[in-house]
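Asks: Heads up: the sequence shown is residues 25 to 276, going by the working numbering. Beta carbons: idealized from backbone N, C-alpha and C, even for Gly. Everything numeric in this text was worked out from a predicted model, so none of it was measured. Before anything else, here's the structure in question.
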Amino acid sequence: QVRNQPGIVDEFASRVDWSIPDRTLSLTSELGLKVIGFVGASSAPSVSGVELDPVSLGTESYLAYQELVARAVVRRYGPARGGAPAATSTIGVWQTDNELNQAAQTALGGNRRPTGVDGFLNSPWASFDFQTALLRSLRRGVVTEDPSAVTIVNPLVASDASDIFDTIFGRPGWNDVVRSWRNLADVIGFDSYPNTYLPTPVDGAEVGRVARRIRELACPGQQVLVMETGYPVAPVARGFTPERQAEFYRQA
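Given below as structure tokens:
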């Protein structure tokens with residue numbers, strides 16, 4: 025229905041309160057800032073205040089809903105600016121979800137539903153096929169509304185904690201993730217936190233090594249961007265300090 029009945033997008037958009045993103049994008053336009061839009065993550069419809077998920081809603085319905093939301097957002101803030109105030113920024117670059125290869129891990133931490141151990145082990149978030157299907161749905165939603173849009177995928181790579189989870193539970197490592205998803209976006213972004221849990225050795229240089237490896241794995245001429253990286257400054261008792269954070273950024 026989402027693909028065959030375009031009016032569904034406008035009907036859905038008419039029920040959304042756009043006031044906060046409208047104000048935000050009016051401010052970014054006033055400041056002359058360029059904005060990377062975002063679609064996906066754990067956004068889902070709510071019934072009586074309860075957020076639905078790929079289990080309660082069903083995977084196919086969840087994917088369709090995410091595509092619907094992506095189309096509504098891009099229709100409003102892309103080049104067509106359908107219904108957005110004239111003062112808002114126009115968005116032409118879109119990130120499709122966030123660290124989706126570690127969705128099961130974020131479900132374990134409570135940031136995706138279903139949460140906890142069940143979300144980590146048994147939900148669709150633990151399925152690489154479902155993750156890939158979601159990326160396809162989100163990208164299709166973006167480019168249907170704006171064929172000229174640039175899309176970015178950003179897996180979490182070379183992070184001490186996530187790499188351990190991948191190994192223990194037999195999930196695709198980040199090299200395989202990049203190979204599988206490089207054709208699902210125009211740009212490969214990545215998030216990398218080599219010192220999430222271990223304060224030493226400070227390994228900011230790993231970010232550069234990862235960038236070079238992803239360039240090797242990417243499609244010819246495909247741009248590679250560092251979307252997120254960092255080093256904690258706490259807890260100090262474990263050895264995280266501002267001085268080590270500074271060293272991390274010097275290396276990176």
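For Asp41, does the three-state DSSP call read helix, strand or coil?
Replies: Numbered from its first residue, the sequence shown carries residue 41 at position 17. Residue state, collapsed to three classes: coil.
Asks: In this structure, what does DSSP give as the bridge partners for Phe277?
Replies: Missing from the structure shown is residue 277; the chain here goes from 25 to 276 and no further.
Asks: Between Gly213 and the rest of its own chain, which residues show a CB-CB distance below 6 Å, the 5 nearest in sequence each way excluded?
Replies: Here the question's residue 213 lines up with position 189 in the sequence shown. The answer, listed in chain order, is Ile176, Asn178, Leu249, Met251.
Asks: Near Val174, what residues of its chain come up, given a Cβ to Cβ distance below 8 Å and the 5 sequence neighbours on each side ignored?
Replies: Reading the sequence shown from its first residue, position 150 is the one you call residue 174. Gly116, Val117, Trp118, Asp210, Val211, listed in sequence order.
Asks: In or out: Ala110 buried (at least 16 other Cβ within 10 Å) or exposed?
Replies: The residue you call residue 110 lines up with position 86 of the sequence shown. By the 10 Å Cβ count, Ala110 comes out exposed.
Asks: Is it buried or exposed for Gly64, if we count other Cβ within 10 angstroms and need 16 for buried?
Replies: For the purposes of this step, residue 64 is identified with residue 40 of the sequence shown, where counting begins at 1. It is buried - the Cβ of Gly64 has at least 16 other Cβ atoms within 10 Å.
Asks: Closest to Ser38 by CA distance: which of Leu92, Thr265, Leu49 is it?
Replies: Working through the sequence shown from its first residue, we reach residue 38 at position 14. Of Leu92, Thr265, Leu49, the residue nearest in Cα terms is Leu92.
Asks: How close, in whole Å, do the beta carbons of Ala94 and Leu162 come, if the pair is a contact with beta carbons under 8 Å?
Replies: One-based indexing of the sequence shown puts residue 94 at position 70. One-based indexing of the sequence shown puts residue 162 at position 138. Indeed, because the Cβ distance is near 5 Å, the residues count as touching under 8 Å.
Asks: Please list the segments of the alpha helix (DSSP H) lying wholly inside the stretch 105–170, counting only runs of 4 or more residues, in order along the chain.
Replies: Listed in chain order, they are 127–132, 140–145, 152–169.
Asks: Where does Gly3 land, buried or exposed, given buried means 16+ other C-beta within 10 angstroms?
Replies: Any property of residue 3 remains undetermined from this structure, which presents the chain solely from 25 to 276.
Asks: Just to confirm my understanding: we take Gly107, look at its own chain, exclude 5 residues before and 5 after, and list those with CB closer than 6 Å. What are they?
Replies: Residue 107 sits at position 83 when you count from the first residue of the sequence shown. The answer, listed in chain order, is Arg100.
Asks: Would you tell me roughly how many angstroms separate the C-alpha atoms of Gln155 and Ala182, rounded to the nearest one?
Replies: In the sequence shown, counting from the first residue as 1, residue 155 sits at position 131. In the sequence shown, counting from the first residue as 1, residue 182 sits at position 158. Near 19 Å, if we compare the C-alpha coordinates of Ala182 and Gln155.
Asks: At 3 residues or longer, what runs of the beta strand (DSSP E) sit wholly inside the stretch 160–239?
Replies: Those beta strand (DSSP E) runs which fall completely within the stretch 160–239 and span 3+ residues are 174–177, 211–216.
Asks: Would you check if there are 3 or more beta carbon pairs closer than 8 Å linking the stretch 186–198 to the stretch 122–130?
Replies: Short answer: they touch.
Asks: Taking buried to mean at least 16 other C-beta atoms within 10 Å of its own C-beta, is Arg137 buried or exposed?
Replies: To locate residue 137, count along the sequence shown from 1; it is residue 113. By the 10 Å Cβ count, Arg137 comes out buried.
Asks: Name the DSSP bridge partner or partners of Thr52?
Replies: Indexing the sequence shown from 1 puts residue 52 at position 28. The partner list for Thr52 (beta bridge, DSSP) is empty, contrary to what the question assumes.
Asks: Quick check on the DSSP output: the alpha helix (DSSP H) that includes Gln247 runs from which residue to which?
Replies: Translated into positions along the sequence shown, residue 247 becomes position 223. That residue, Gln247, is in no alpha helix (DSSP H); its beta strand (DSSP E) goes 247–253.
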